[in-house]
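For the sequence shown, numbering that gives the first Met the number 0 begins at 0 and goes up steadily by one. Heads up: the structure comes next, in structure tokens.
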Amino acid sequence: MKINPITAVYLTLFLCAIVFFIQPLQWLSESVQWALIGFIGTFGLITWFFSKSMSQAKSGKVWINQFLASIAIKMFTTLSYLTIFLYVNKDWETAQKLQLAIGAFVVYIAYTILLAGNKPSAE
Numbered sequence: 000m001k002i003n004p005i006t007a008v009y010l011t012l013f014l015c016a017i018v019f020f021i022q023p024l025q026w027l028s029e030s031v032q033w034a035l036i037g038f039i040g041t042f043g044l045i046t047w048f049f050s051k052s053m054s055q056a057k058s059g060k061v062w063i064n065q066f067l068a069s070i071a072i073k074m075f076t077t078l079s080y081l082t083i084f085l086y087v088n089k090d091w092e093t094a095q096k097l098q099l100a101i102g103a104f105v106v107y108i109a110y111t112i113l114l115a116g117n118k119p120s121a122e
């Protein structure tokens with residue numbers, strides 16, 4: 000199944016709307032919401048870039064290499080983002096730190112599923 004790179008932009012806008020406008024998520028503090036928006040934007044950009052190159056993959060081998068590269072970059076980005084953001088916000092309560100970590104996990108899974116659905120055409 001081919002997924003257009005613009006789908007990453009749509010997913011980014013959808014996740015941002017969920018973070019800010021869905022009423023059950025109002026238990027998120029405002030600072031955590033902004034942190035998640037930055038994280039969603041970063042992942043949207045990474046996913047758009049890799050989705051664009053993966054959709055042009057001519058073989059399964061090239062697709063796998065790009066998918067694994069995207070996983071490695073997303074893991075390093077998640078580690079860096081959470082480490083820096085939690086270090087800068089040492090005064091946050093444990094609940095806020097947990098909200099950010101769980102939100103980052105959900106965003107990571109959503110974008111990974113999006114990229115995994117972008118399979119190359121049959122050889």
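Beta carbons are placed, not taken as given, at the ideal position from N, Cα and C, and that holds for glycine.
Check	Outcome
Taking the alpha carbon of I108 as the reference point, which residue from N117, S28 and K73 has its own alpha carbon closest?	K73
What span of residues does the alpha helix (DSSP H) with Q65 cover, start to end?	G59 to V87
Thinking C-beta only, is Q65 closer than 8 Å to F49?	yes
From the DSSP output, in three-state form, read off G40 for me.	helix
Can you list, in chain order, the residues of its chain whose CB lies under 8 Å from that of A115, leaving out five sequence neighbours each side?	F66
CB L35 to CB V8, shorter than 8 Å?	no
Ignore the nearest five residues each way along the sequence and tell me which others in V31's own chain have a CB closer than 6 Å to its CB.	Q95, Q98 and L99
Just to check my reading of the structure: T6 and L113 have Cβ atoms closer than 8 Å, yes? What is that Cβ distance to the nearest angstrom?	7 Å
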